[in-house]
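Have a look at the structure below, then the notes.
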Amino acid sequence: MKTIAHIRESDKEIQTVEEHLLQVKQLAEEIGAKIGIRHITGLAGLLHDLGKYSEDFRNYIIEAVNNPDQPPKRGSVDHSTAGGKLLYDLFHDDSKSFKGLLSEIVGNAIISHHSYIQDYLTPDLESVYLRRVRDKDIPEFPEVIRTFFTKVMDKLEFNDYVNKAAKELGMLLNKSKESPFKQIMFITKYVFSALIDADRTNTRIFEENVEKREQKENHIDLFGLYYDRLMKKINSFQTSKDSSHPINRLRNKMSEQCDEFAERPSGIYTLSIPTGGGKTLASLRYALKHAMIHGKKRIIYIIPYTTIIEQNAEEVRNILQDCSNILEHHSNVIEDSKEDDEFQLGNEKKLKLAKDNWDSPIVFTTMVQFLNVFYAKGSRYIRRLHNLSDSIIIFDEVQKVPTHSISLFNNAVNFLEEVCHSSILLCTATQPALDYVEHELNIKPNAEIINNLDEVVDKFKRVQIIDKATDEAIDQTKLVRFILEKTQEVRSMLVILNTKPTVKALYNQLCDELDESIPIYHLSTSMCAAHRNDVLNAVRARLSRGEKVVCISTQLIEAGVDISFDCVIRSLAGLDSIAQAAGRCNRHGEHSIQNVYIIDYLEEKLNRLKEIRQGKDITKRILKDLKFSKTSHDILSKQVMQKYFKEYYTDFESDLDYSIPKLQKNMIELLMGPRKNSYFMEYKGKHGGYPPLYITQSYYTAAENYQVIKNMADSVIVPYKEGKELISELNGDLKIEELNNILRQVQHYTINLYEFEKEQLNKHGGIVSFFDGKILALKDGAYSEEYGLNTNNDSMLEEHIF
């Protein structure tokens, strides 16, 4: 009788279990080979759907196809436990050759491939892993195993394959400088990533009825073409009329240093080009040349805010003359199910198979997405992890790593460099002291690319910081008066405040009091990327014509946005934010030294914004110290910035490991700490003995409690311009590729909601859902052409009245 893994929806063609297992094995091997664990990942692919050999599963899938309107209960047949159980039964007791540990790593990936990696020990002092592979009764298990050894791989070949996998695991752990628990966690997640992507990819190829796609892993020729095009652009700068300007000469010199540095071996390096120094093109020059010399698979830019993704990706596309191979990934608009079922039909299957896995040659994404890949729950995130290997990863504005995730970030980057053979570039004008904290980043000596950095910073000085914060705090009335005075002195002004409500309130008052001849613009993260980009383009157009303009913004404008004002007013915050704000003033040295004013703004409520509040306090102390100090250090000097970060990380020492108060543990303890920091000791107290496990960490619990931005709910598509059309298209009957294209396009038309914002929107009927609630969008009234998100869902009424 023909076995069944999948039945194609279009023509009811069957993919047999043995076809699926062997094809997924092959794909998983290709992924594992990148870091020397071909047989470990291949073993996961080989056994992941072993349970489909049961008669129960065969009846289940046939019934689901024959009765799509009343399919059998989802998950009523467990087919994902059998592979993990086989490994446990055969190899778990073998503690001498790494086979026991291998059985736990691969077994957990297998039993979890329709949800997320399970806890070895839970906070309730139980083992979900053991409950599945040791204690659960699996009907037909002996028959399933016999069929596997008959149709897929005989016992002798299988044992040889496991031996090779165990040898790979031993070699990887023995050569690592990191703690074994840390490496085991990352290896487990890599194996899980390989399995998820291989399984989804093979299922998609079968469902679309196409031959296996040609591998796109080797992009060396493409990178060579890109490098030639980039150098043509860079060389054109040398013949421009302002090429002799000191700033431009310095930019060119730093770009050349990046080119020379690219010949060095992969590692973790810093690129501390001052704001406005041409960091994007210089880092791309390094990346393309390093990729060609060292055979890297892709280049990934990790950026703190979606605002800069738009700008940088567009700049890179224009220079490289390629749109199809450069992926922008802002946010996820698909909400993962807690568990996805093997048998899915229609839109649900399309959503599952359309999720992107970052296999493009050049990827632009956010810090939120990067951290989610390693630590957040959901297969859509971790599927991308393996594509970070053999890559060049450029962290733009790296100082924006969230404080509570510093240790998690450092450990992930160390793994990528040591095990995954990736080269890491930390780009910013304000380098954080990531090698100062307990879980430090393994930055080697002489890691800075730019020579004589202090001299470079001095030559790039284009502003002076005016401290108006240490003597008094001002309210909105005084701030408006100060802005009105400055508009008489300068043509363009940027005001940056710490919270969205204060930005909106100040904008509204200035609209009433500012001369009508001076246009004023509002910017905040309540607006989607396309909306913010339109505002920035309008502002840039006025700036280029030398017209008067005022822009009121949250800090989103600080990190890397290529825009230059005559004057900047910055509400007191962390010193890195002040330095970045200063980079929006006289950015290209258009004028002589211009002023950046620091104010202490009374209207801001920072009670719940601990990082901003603490950064503000430290900066205020430093400002006072410098006021009465005899040293000549500039507030934005490397020495002062280093002092700031060391004080900042010292103040936040207990928060750097992502504390989870309700569990009285942190993420480091749950994921990679020694046994004494897991639930190992408590387990003995409850059960009278130590758990029969090599791994005792709580991967699922950690992921369930992790949010890069705490209290964030969902991403929603907004009805701004083309966003309206894309929302309406989601109502149609879409093919997988059509859905994939839409999901890429809506990146520009999404915003992230906090929990309280989502509650308000639901209260006022401002949200519409698609695909059974997996994709959310705002109704027209819940989005304003002026401010963006409107939780009251009455924007249409406001616009009609005013």
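Residue numbers for the sequence shown follow this note's numbering, so the first one is 2 and each next one is one higher. The C-beta atom is built at its ideal place from N, Cα and C for all residues, glycine as well.
In the DSSP output, which residue or residues are listed as bridge partners for residue i?
i	result
GLU495	Looking at the sequence provided, one finds Leu at residue 495 rather than Glu. In the DSSP output, where bridge partners are listed per residue, LEU495 has CYS552, VAL569.
LYS644	According to DSSP, LYS644 bridges with nothing at all.
VAL145	Answer by DSSP bridge pairing: none, since VAL145 is not bridged.
VAL769	ALA778
PHE365	TYR302, GLU329
TYR522	CYS552
ILE661	LYS666
With respect to the beta strand (DSSP E) encompassing residue i, which residues constitute its N-terminal and C-terminal limits?
i	result
CYS428	424–428
ASN753	751–755
GLN595	595–602
ALA778	776–779
GLN465	464–468
VAL562	Taken as a continuous stretch (DSSP letters only), VAL562 belongs to no beta strand (DSSP E), as it is neither H nor E.
TYR228	Here TYR228 belongs to no beta strand (DSSP E); instead the alpha helix (DSSP H) covers 221–238.
TYR701	Run containing TYR701: none in the beta strand (DSSP E); it sits in the alpha helix (DSSP H), 700–705.
TYR270	269–272
So the alpha helix (DSSP H) residue i belongs to, where does it begin and stop?
i	result
GLU105	100–112
SER380	380–383
VAL1	Not covered by the structure: residue 1. The range shown for the chain is 2 to 803.
PHE483	477–488
VAL540	530–545
HIS295	280–295
ASN203	181–209
VAL134	Looking at the DSSP string, VAL134 is not in any alpha helix (DSSP H), and its letter there is neither H nor E.
ALA174	The question names Ala, but residue 174 in the sequence shown is Leu. Per DSSP, LEU174 belongs to the alpha helix (DSSP H) from 156–176.
HIS440	HIS440 -> no alpha helix (DSSP H), and no H or E assigned at all.
HIS40	39–48
If distances are taken between C-alpha atoms only, which option among the options comes closest to residue i?
i	options	result
GLU441	GLN465, PHE416, SER423	PHE416
GLU758	LYS736, LYS644, ASN794	ASN794
LYS666	ALA583, SER638, THR702	THR702
ASN443	ASP161, MET368, GLU20, LEU427	LEU427
LEU251	GLU456, ALA45, HIS40	GLU456
TYR287	SER267, THR276, ASN741, VAL719	SER267
ASN253	ARG230, LEU282, GLY225	LEU282
THR42	ILE197, ALA530, VAL78, ASP57	ILE197
ASP260	VAL481, PRO247, HIS291	HIS291
LEU131	LYS100, ARG147, HIS93, THR151	HIS93
ILE383	HIS114, GLU738, ILE570	HIS114
LEU607	GLY575, ALA34, LEU637, ILE63	GLY575
ILE728	ILE752, PHE771, GLU756	PHE771
Identify whether residue i lies in helix, strand or coil by the three-state DSSP scheme.
i	result
ASP337	A caution first: ASP337 carries a pLDDT of 48, below 50, which makes its placement in the model unreliable, though a value can still be read off. It is coil, neither helix nor strand.
LYS666	strand
ASN793	coil
ILE636	coil
GLU739	helix
ASN453	coil
HIS330	strand
GLU787	coil
ASP715	strand
LEU352	Reliability of the predicted coordinates at LEU352 is poor, the pLDDT of 47 falling under 50, and the value obtained from them is presented with this limitation in mind. Three-state result, LEU352: helix.
PHE396	strand
PHE344	Low confidence applies here, because PHE344 scores a pLDDT of 46, under 50, leaving its location unreliable; read the following figure in that light. Three-state result, PHE344: coil.
ALA6	coil
THR404	helix
ALA506	helix
GLN16	strand
ILE63	helix
SER256	helix
CYS512	helix
HIS55	The sequence shown places Ser at residue 55, not His. SER55: coil per DSSP, three-state reduction.
SER96	coil
ALA583	helix
ALA377	coil
ALA434	coil
ILE118	coil
Assuming the contact rule is C-beta atoms closer than 8 Å, residue i and residue j should be a hit. Round their C-beta distance to whole Å, please.
i	j	result
LYS487	CYS552	With a Cβ gap of about 13 Å, LYS487 and CYS552 do not count as contacting.
VAL550	SER493	5 Å
VAL129	GLN119	4 Å
SER392	LYS297	6 Å
VAL709	ASN373	6 Å
Check the Cβ-Cβ distances between residue i and every residue of chain B, and say whether any is below 7 Å.
i	result
GLN258	Of the protein chains in this structure there is only one, and it is not chain B.
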